[in-house]
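S.K.: Position one of the sequence shown corresponds to residue 63 (the numbering used here), numbered consecutively onward.
Ideal placement from N, C-alpha and C gives every residue a C-beta, glycine not left out.
Owing to the predicted nature of the structure, the values given are computational and were not obtained by experimental measurement.
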Amino acid sequence: MDYFLVTAHFSAHAFTPQSGCNLSARGNTDFAETGSHVTATEYQNNTMNIFRLAGDVSHLVAIVILFMKIWRSKSCAGISGKSQVLFALVFTTRYLDLFTSVISIYNTVMKVVFLALAYATVYLIYMRFRSTFDSESDSFRVEFLLVPVAGLSFLENYAFAPLEILWTFSIYLESVAILPQLFMITKTGEAESITTHYLFFLGLYRALYLANWVWRYHTEGFFDQIAVVSGVVQTIFYCDFFYLYVTRVLRGSGKMSLPMPI
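1) What residue range is occupied by the uninterrupted beta strand (DSSP E) comprising Ala-253?
2) Return the residue from the list Phe-299, Leu-228, Val-175 and Val-147 that minimises the CA-CA distance to Leu-264.
3) Mapping DSSP to helix, strand and coil, what is Ile-240?
4) Compute the distance between the beta-carbons of Arg-156 and Tyr-271, then report whether it is under 9 Å.
5) Taking only three categories from DSSP, how would you classify Asp-196?
6) Check this for me: beta carbons of Ala-239 and Leu-207, under 9 Å apart or not?
7) Start and end of the alpha helix (DSSP H) containing Thr-162?
8) Going straight from the alpha carbon of Glu-198 to that of Leu-235, what length do you get?
9) When the Cα atoms are used, what is the spatial distance from Ser-166 to Thr-257?
10) Quick check on the burial criterion: 16 or more other C-beta atoms within 10 angstroms. Buried or exposed for Asp-302?
11) State the start and end residues of the unbroken alpha helix (DSSP H) segment that holds Met-189.
12) Within its chain, find whatever has a CB closer than 7 Å to the CB of Trp-277; leave out the 5 residues flanking it on each side and keep chain order.
13) Quick one: grab the DSSP three-state call for Cys-138.
14) Between Ser-163 and Gln-243, is the Cβ-Cβ spacing less than 9 Å?
15) Roughly how many angstroms lie between the CA atoms of Ala-212 and Val-147, to the nearest whole one?
16) Taking only runs of the alpha helix (DSSP H) that begin and end inside the stretch 250-286, which ones reach a length of at least 4 residues, in chain order?
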(Lines of atoms letter the chains of each structure in order from A and count residues from 1; the text may use other names and numbers.)
(Lines give C-alpha, C1' and ligand atoms only; values in the text may rest on other atoms or scores of the structure.)
Protein backbone atom coordinates (compact mmCIF):
# COMPACT_ATOMS: atom_id res chain seq x y z
CA MET A 1 0.00 0.00 0.00
CA ASP A 2 2.94 2.26 -0.52
CA TYR A 3 1.39 4.80 -2.73
CA PHE A 4 -2.02 3.98 -1.37
CA LEU A 5 -1.15 5.18 2.07
CA VAL A 6 0.51 8.31 0.82
CA THR A 7 -2.45 9.01 -1.41
CA ALA A 8 -5.04 8.29 1.21
CA HIS A 9 -3.26 10.46 3.70
CA PHE A 10 -3.06 13.38 1.34
CA SER A 11 -6.59 12.98 0.14
CA ALA A 12 -7.90 13.28 3.62
CA HIS A 13 -5.88 16.42 4.12
CA ALA A 14 -7.39 17.85 0.99
CA PHE A 15 -10.70 18.09 2.82
CA THR A 16 -9.57 21.14 4.73
CA PRO A 17 -9.54 23.96 2.15
CA GLN A 18 -12.99 23.10 0.85
CA SER A 19 -14.70 22.48 4.17
CA GLY A 20 -13.22 25.53 5.81
CA CYS A 21 -11.63 23.44 8.55
CA ASN A 22 -8.25 24.35 9.89
CA LEU A 23 -6.47 21.05 10.18
CA SER A 24 -2.99 22.44 10.47
CA ALA A 25 -2.77 20.85 13.88
CA ARG A 26 -3.08 17.48 12.26
CA GLY A 27 -0.59 18.30 9.58
CA ASN A 28 0.12 16.10 6.62
CA THR A 29 -0.87 12.67 7.78
CA ASP A 30 -0.79 9.58 5.72
CA PHE A 31 -2.58 8.95 2.47
CA ALA A 32 -4.65 6.24 4.00
CA GLU A 33 -5.98 8.44 6.71
CA THR A 34 -5.84 12.21 6.43
CA GLY A 35 -7.60 15.29 5.22
CA SER A 36 -5.60 18.48 4.98
CA HIS A 37 -3.77 20.39 2.27
CA VAL A 38 -0.36 19.06 1.34
CA THR A 39 2.24 20.93 -0.69
CA ALA A 40 4.35 19.30 -3.39
CA THR A 41 7.37 19.43 -1.08
CA GLU A 42 5.48 17.76 1.74
CA TYR A 43 4.27 15.12 -0.69
CA GLN A 44 7.85 14.32 -1.70
CA ASN A 45 8.98 14.18 1.91
CA ASN A 46 6.15 11.82 2.80
CA THR A 47 7.02 9.39 0.02
CA MET A 48 10.53 9.14 1.47
CA ASN A 49 9.14 7.50 4.61
CA ILE A 50 9.95 3.81 4.15
CA PHE A 51 7.39 2.70 6.73
CA ARG A 52 4.56 4.51 5.00
CA LEU A 53 5.61 3.26 1.58
CA ALA A 54 5.90 -0.31 2.81
CA GLY A 55 2.52 0.05 4.48
CA ASP A 56 0.95 1.29 1.26
CA VAL A 57 2.37 -1.65 -0.66
CA SER A 58 1.03 -4.09 1.93
CA HIS A 59 -2.42 -2.53 1.77
CA LEU A 60 -2.50 -2.73 -2.00
CA VAL A 61 -1.27 -6.33 -1.99
CA ALA A 62 -4.00 -7.29 0.49
CA ILE A 63 -6.78 -5.80 -1.62
CA VAL A 64 -5.46 -7.33 -4.84
CA ILE A 65 -5.04 -10.75 -3.20
CA LEU A 66 -8.66 -10.76 -2.08
CA PHE A 67 -10.04 -9.55 -5.40
CA MET A 68 -8.01 -12.05 -7.43
CA LYS A 69 -8.90 -14.88 -5.05
CA ILE A 70 -12.59 -14.31 -5.64
CA TRP A 71 -12.22 -13.68 -9.38
CA ARG A 72 -10.05 -16.71 -10.16
CA SER A 73 -11.87 -19.20 -7.94
CA LYS A 74 -15.27 -17.76 -8.88
CA SER A 75 -16.14 -18.15 -5.23
CA CYS A 76 -16.34 -15.90 -2.20
CA ALA A 77 -16.47 -18.76 0.28
CA GLY A 78 -14.85 -17.79 3.55
CA ILE A 79 -15.02 -14.07 2.78
CA SER A 80 -17.11 -11.73 4.90
CA GLY A 81 -19.20 -9.54 2.64
CA LYS A 82 -20.01 -7.34 5.61
CA SER A 83 -16.35 -6.50 6.19
CA GLN A 84 -15.95 -5.62 2.52
CA VAL A 85 -19.00 -3.35 2.61
CA LEU A 86 -17.55 -1.61 5.66
CA PHE A 87 -14.20 -1.10 3.92
CA ALA A 88 -15.99 0.31 0.87
CA LEU A 89 -17.78 2.71 3.21
CA VAL A 90 -14.43 3.65 4.77
CA PHE A 91 -12.96 4.63 1.40
CA THR A 92 -16.13 6.42 0.32
CA THR A 93 -16.32 8.67 3.38
CA ARG A 94 -12.56 9.29 3.35
CA TYR A 95 -12.18 10.22 -0.31
CA LEU A 96 -15.06 12.62 -0.79
CA ASP A 97 -12.46 15.29 -1.52
CA LEU A 98 -12.19 13.74 -4.98
CA PHE A 99 -15.05 16.10 -5.86
CA THR A 100 -13.54 19.19 -4.26
CA SER A 101 -9.78 19.20 -4.83
CA VAL A 102 -6.93 17.64 -6.78
CA ILE A 103 -3.57 17.29 -5.06
CA SER A 104 -1.90 15.37 -7.88
CA ILE A 105 -2.82 13.01 -10.69
CA TYR A 106 -1.20 10.17 -8.78
CA ASN A 107 -3.14 10.96 -5.63
CA THR A 108 -6.43 11.10 -7.50
CA VAL A 109 -5.77 7.91 -9.47
CA MET A 110 -4.88 5.97 -6.34
CA LYS A 111 -8.05 7.03 -4.57
CA VAL A 112 -10.10 5.99 -7.57
CA VAL A 113 -8.30 2.62 -7.66
CA PHE A 114 -9.06 2.02 -3.99
CA LEU A 115 -12.71 2.86 -4.46
CA ALA A 116 -12.98 0.80 -7.65
CA LEU A 117 -11.42 -2.30 -6.09
CA ALA A 118 -13.53 -1.98 -2.95
CA TYR A 119 -16.82 -1.77 -4.83
CA ALA A 120 -15.75 -4.37 -7.40
CA THR A 121 -15.11 -6.79 -4.55
CA VAL A 122 -18.51 -6.07 -3.03
CA TYR A 123 -20.09 -6.64 -6.46
CA LEU A 124 -18.38 -10.01 -6.85
CA ILE A 125 -19.56 -11.12 -3.42
CA TYR A 126 -23.16 -9.99 -3.53
CA MET A 127 -23.89 -10.17 -7.26
CA ARG A 128 -21.53 -12.11 -9.55
CA PHE A 129 -20.78 -15.03 -7.21
CA ARG A 130 -23.64 -14.62 -4.80
CA SER A 131 -24.44 -18.35 -4.84
CA THR A 132 -21.09 -19.08 -3.16
CA PHE A 133 -21.56 -16.53 -0.38
CA ASP A 134 -22.02 -18.05 3.09
CA SER A 135 -24.51 -15.61 4.58
CA GLU A 136 -25.18 -17.84 7.59
CA SER A 137 -21.58 -17.66 8.75
CA ASP A 138 -21.31 -13.94 7.94
CA SER A 139 -23.66 -13.07 10.78
CA PHE A 140 -21.85 -10.29 12.64
CA ARG A 141 -24.22 -7.46 13.64
CA VAL A 142 -22.59 -4.50 11.89
CA GLU A 143 -24.97 -2.04 13.53
CA PHE A 144 -23.03 -2.69 16.74
CA LEU A 145 -20.07 -1.09 14.94
CA LEU A 146 -21.74 1.60 12.85
CA VAL A 147 -23.82 3.23 15.60
CA PRO A 148 -20.97 3.71 18.14
CA VAL A 149 -18.55 4.79 15.40
CA ALA A 150 -21.01 7.35 14.03
CA GLY A 151 -21.68 8.73 17.51
CA LEU A 152 -17.98 8.92 18.37
CA SER A 153 -17.28 10.73 15.10
CA PHE A 154 -19.55 13.58 16.19
CA LEU A 155 -18.09 13.70 19.70
CA GLU A 156 -14.38 13.32 18.94
CA ASN A 157 -13.13 15.09 15.81
CA TYR A 158 -10.81 17.92 14.79
CA ALA A 159 -13.50 20.21 13.39
CA PHE A 160 -17.29 20.06 13.41
CA ALA A 161 -17.70 20.19 9.63
CA PRO A 162 -19.29 17.57 7.33
CA LEU A 163 -16.16 16.42 5.50
CA GLU A 164 -14.07 16.40 8.65
CA ILE A 165 -16.67 14.36 10.55
CA LEU A 166 -16.85 11.90 7.66
CA TRP A 167 -13.06 11.62 7.62
CA THR A 168 -13.09 10.90 11.36
CA PHE A 169 -15.87 8.36 10.82
CA SER A 170 -13.72 6.58 8.22
CA ILE A 171 -10.76 6.36 10.60
CA TYR A 172 -12.84 4.94 13.44
CA LEU A 173 -14.69 2.55 11.14
CA GLU A 174 -11.51 1.20 9.55
CA SER A 175 -10.24 0.18 12.98
CA VAL A 176 -13.16 -2.24 13.44
CA ALA A 177 -14.17 -3.08 9.85
CA ILE A 178 -12.25 -6.37 9.91
CA LEU A 179 -14.22 -7.72 12.88
CA PRO A 180 -16.97 -9.40 10.79
CA GLN A 181 -14.23 -11.28 8.87
CA LEU A 182 -12.44 -12.38 12.03
CA PHE A 183 -15.77 -13.35 13.59
CA MET A 184 -16.63 -15.41 10.51
CA ILE A 185 -13.30 -17.26 10.64
CA THR A 186 -13.76 -17.99 14.33
CA LYS A 187 -17.31 -19.18 13.74
CA THR A 188 -16.38 -21.59 10.94
CA GLY A 189 -13.23 -22.71 12.73
CA GLU A 190 -10.80 -22.36 9.81
CA ALA A 191 -9.67 -20.13 6.98
CA GLU A 192 -8.17 -20.87 3.56
CA SER A 193 -4.52 -19.92 3.17
CA ILE A 194 -5.34 -17.25 0.57
CA THR A 195 -7.75 -15.60 3.01
CA THR A 196 -5.13 -15.63 5.74
CA HIS A 197 -2.60 -14.08 3.35
CA TYR A 198 -5.10 -11.27 2.73
CA LEU A 199 -5.53 -10.71 6.46
CA PHE A 200 -1.79 -10.87 7.05
CA PHE A 201 -0.99 -8.12 4.56
CA LEU A 202 -3.90 -6.05 5.86
CA GLY A 203 -2.55 -6.34 9.39
CA LEU A 204 1.00 -5.69 8.19
CA TYR A 205 -0.18 -2.47 6.55
CA ARG A 206 -1.54 -1.26 9.86
CA ALA A 207 1.52 -2.34 11.83
CA LEU A 208 3.78 -0.48 9.39
CA TYR A 209 1.64 2.59 9.82
CA LEU A 210 2.21 2.44 13.55
CA ALA A 211 5.95 2.43 12.83
CA ASN A 212 5.35 5.36 10.48
CA TRP A 213 3.67 7.33 13.25
CA VAL A 214 6.54 6.61 15.66
CA TRP A 215 9.00 7.77 12.99
CA ARG A 216 7.04 10.94 12.27
CA TYR A 217 6.75 11.77 15.95
CA HIS A 218 10.50 11.28 16.34
CA THR A 219 11.49 13.26 13.22
CA GLU A 220 8.67 15.81 12.88
CA GLY A 221 7.09 16.00 16.32
CA PHE A 222 3.85 15.02 14.58
CA PHE A 223 1.08 13.20 16.47
CA ASP A 224 -2.46 12.53 15.26
CA GLN A 225 -4.37 11.24 18.26
CA ILE A 226 -7.42 10.00 16.37
CA ALA A 227 -5.44 8.09 13.73
CA VAL A 228 -2.91 6.66 16.19
CA VAL A 229 -5.42 5.43 18.78
CA SER A 230 -7.62 3.92 16.07
CA GLY A 231 -4.59 2.29 14.48
CA VAL A 232 -3.49 0.76 17.77
CA VAL A 233 -6.98 -0.67 18.32
CA GLN A 234 -7.00 -2.11 14.81
CA THR A 235 -3.56 -3.68 15.24
CA ILE A 236 -4.61 -5.33 18.50
CA PHE A 237 -7.37 -7.17 16.64
CA TYR A 238 -4.71 -8.72 14.40
CA CYS A 239 -2.28 -9.80 17.10
CA ASP A 240 -3.73 -13.26 17.77
CA PHE A 241 -4.18 -13.80 14.04
CA PHE A 242 -0.52 -12.91 13.38
CA TYR A 243 0.60 -15.57 15.85
CA LEU A 244 -1.57 -18.25 14.25
CA TYR A 245 -0.49 -17.16 10.77
CA VAL A 246 3.22 -17.52 11.53
CA THR A 247 2.96 -20.76 13.53
CA ARG A 248 0.49 -22.56 11.26
CA VAL A 249 0.10 -21.11 7.77
CA LEU A 250 3.76 -20.32 7.08
CA ARG A 251 4.69 -23.83 8.21
CA GLY A 252 2.83 -25.42 5.33
CA SER A 253 -0.75 -25.98 6.44
CA GLY A 254 -3.26 -25.36 3.64
CA LYS A 255 -5.81 -23.95 6.04
CA MET A 256 -5.55 -22.23 9.39
CA SER A 257 -7.74 -23.82 12.04
CA LEU A 258 -9.03 -21.58 14.77
CA PRO A 259 -10.66 -22.40 18.08
CA MET A 260 -14.42 -22.57 17.79
CA PRO A 261 -16.33 -19.99 19.83
CA ILE A 262 -17.85 -21.25 23.06
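M.R.: The structure says:
1) It spans 252-254 - the beta strand (DSSP E) in which Ala-253 sits, taken as one unbroken run.
2) Phe-299
3) coil
4) no
5) coil
6) yes
7) Run containing Thr-162: none; DSSP gives neither H nor E here.
8) 23 Å
9) 33 Å
10) exposed
11) It is not in any alpha helix (DSSP H) - Met-189 carries neither H nor E in the DSSP assignment.
12) Asn-111 and Phe-113
13) Correct three-state label for Cys-138: coil.
14) no
15) 16 Å
16) 255-282
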